[in-house]
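Trainee: Residue numbers (UniProt numbering): 50 to 521. Quick reminder that beta carbons are idealized off the backbone N, C-alpha and C, glycines included. Once you've had a glance at the structure underneath, I'll fire off some questions.
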Ligand code: FAD
Ligand code: MLT
Ligand code: ZN
């Protein structure tokens, strides 16, 4: 565990006392107030941050959560909202001794409407459970990511998570129709809606999508879920250059257009780490510097497969695609997706891993990987890139045997300067959290950051919600 919170000065918050704990026990019941074995709540997924919280609260309803926050606000006790704790920027764990408010118990799918496609779900529902329930009604949750077995839908919305299908369904600002959130003072803000179209004033629900628990705690939400596609086909292809990758992406948009549902990139180094770490994975082809996963979802399997095969033949005729395989068999489709999903875990488990999650203009999408590899030289063991090419979102990862100042200074702030010069975004999907708070200015100017601070003060005048995060 790398402790990077030593320099943080505790804010001017009250100290938790026995009276507070008894009050919470009365509100929630003793079983839902934890004071022991809190490691799982204190340590972040990347094991880079260990907080020192002495208390975890698990409210079971919006009313209970409202009573908890009202007390915390009156007493000036700091709080960190926590979903599945799979976030990659240290946003979901305490930095000092903040009380952890876990949404684990608020985990029900409240309704799924097969006609409208609208599902209403509590924030603590695990994404995979929500997806299975939607599937039973013939619907698809328009969000899928490698952490689906642990992350919560509320955590996804709070980080505006992207994942594998943004190219098809857009981001959560579009799919989430409404939210209910409890504010710092315990007020319940009902912004639930069952309609795509609602222009009654400011679109306040969007403030909660991606604000990482700094403005309020989401308790439930309504989501528009598309009807499930009858047929899913997946191609795994090998390419010789990034130029060929771009040509292939343009061709996919042109030739697969309405059925294209995912377009992912994995470079050879990233793939090799996953294959070395997890022997059960089988890559269908090997020996290329770049691989793409191109998925189609449509209503006619045979027709879609034919289109996908034609697209591959065309790419091969033009020497853009070197080799590839196509499958529509659900088991095989899953097996290939597993390779992509294990890439981040492989890198995290291999050794210390600097993770970057940046939006870059497509023409300059991959150059930073080569530049970074040169900058790091022997200090790094792997410098690789993969990610959501279809959304211009690169995951640049730098692995090293152990974290040293020398490698840290080669990598940061260079990665942010490079991204900023290209007018990219320093966080495409994981958010700012704790790890990136000192770098926000690379993507937002001073005026924008001042307005963000003012908004934060308005929603949370005592600054009790997720302090030390997002705004330095
Ligand atoms: P947490 O980690 O618990 O919390 C994340 C942030 O949201 C914190 O700031 C927390 O305070 C806040 N929060 C949580 N719940 C609430 C709530 N109810 N109300 C208010 N604030 C709340 N991310 C992507 O975007 N795309 C990917 O493809 C992707 N793939 C991943 C793959 C793996 C293997 C892993 C480990 C992570 C991946 N992530 C990805 C990152 C992460 O899974 C997402 O950010 C996810 O949305 C976090 O959900 P969570 O429930 O774990 O939230
Ligand atoms: C992914 O797309 O795999 C995730 O965002 C996690 C990562 O960046 O590694
Ligand atoms: Zn991602």
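1) In this structure, how does DSSP classify residue 62 when only helix, strand and coil are distinguished?
2) Identify whether residue 196 lies in helix, strand or coil by the three-state DSSP scheme.
3) Check whether the Cβ of residue 436 sits closer than 7 Å to any heavy atom of the ligand ZN, and report yes or no.
4) With distances taken Cα to Cα, identify the nearest neighbour of residue 97 among 485, 150 and 72.
5) Assign residue 81 to one of three DSSP states: helix, strand, or coil.
6) Rank 495, 163, 200 and 478 by C-alpha distance to the C-alpha of residue 210 and give the top, closest one.
7) Taking contact to mean at least 3 C-beta pairs separated by less than 8 Å, is the segment 187-200 in contact with the segment 226-233?
8) So is the beta-carbon of residue 210 under 7 Å away from any non-hydrogen atom of the ligand FAD?
9) Should residue 57 and residue 517 be called a contact, given that it needs their Cβ atoms to be closer than 8 Å?
10) Checking contacts by CB at 8 Å: is residue 352 closer than that to chain B?
11) Would residue 417 and residue 409 qualify as a contact pair, given that the criterion is a beta-carbon distance under 8 Å?
12) Comparing the CB of residue 137 with every heavy atom of the ligand MLT, is any distance shorter than 7 Å?
13) With respect to 7 Å, is the separation between the Cβ of residue 485 and the closest non-hydrogen atom of the ligand MLT below this value?
14) Spell out a yes or no on whether the segment 151-166 and the segment 118-127 are touching, meaning 3 or more CB-CB pairs, one atom from each, closer than 8 Å.
15) Counting pairs of Cβ atoms below 8 Å between the segment 231-244 and the segment 110-119, do you hit three or more?
16) Which residue spans inside the segment 188-271 form an unbroken alpha helix (DSSP H) run of at least 4?
17) Would you say the beta carbon of residue 344 is closer than 7 Å to some non-hydrogen atom of the ligand ZN?
18) Of the choices 231, 168, 306 and 473, whose alpha-carbon is the least far from that of residue 119?
19) To the nearest whole angstrom, what separates the beta carbons of residue 133 and residue 262, a pair I think is in contact under 8 Å?
20) If you run the structure through DSSP and keep just helix, strand and coil, what is residue 336?
21) For a test of your reading of the model: does the CB of residue 478 fall under 7 Å from any non-hydrogen atom of the ligand SAM? Yes or no.
22) Answer with buried or exposed for residue 437, where buried requires no fewer than 16 other C-beta atoms within 10 angstroms of its C-beta.
23) If we ignore side chains and look at the alpha-carbon of each, how far apart do residue 345 and residue 282 end up?
24) I think residue 152 touches residue 173, with their Cβ atoms under 8 Å apart; what is that distance to the nearest whole Å?
25) Going by the beta-carbon positions, is the gap between residue 339 and residue 294 smaller than 8 Å?
26) Per DSSP, residue 501 is paired with what?
27) Which two residues bound the contiguous alpha helix (DSSP H) that contains residue 184?
28) Take residue 407 as the anchor and find which of 312, 474, 89 and 77 has the nearest alpha-carbon.
Mentor: In terms of the structure at hand:
1) coil
2) coil
3) yes
4) 485
5) helix
6) 478
7) no
8) yes
9) yes
10) Although the question refers to chain B, the structure presented lacks it and comprises just one protein chain.
11) yes
12) yes
13) no
14) no
15) yes
16) 202-208, 215-218, 221-224 and 254-257
17) no
18) 231
19) Incorrect: roughly 13 Å between the Cβ atoms, too far for contact.
20) coil
21) Ligands present in the displayed structure are limited to the ligand FAD, the ligand MLT and the ligand ZN, and the ligand SAM is not among them.
22) buried
23) 5 Å
24) 3 Å
25) yes
26) Answer is none; residue 501 lacks a bridge partner.
27) 176-185
28) 474
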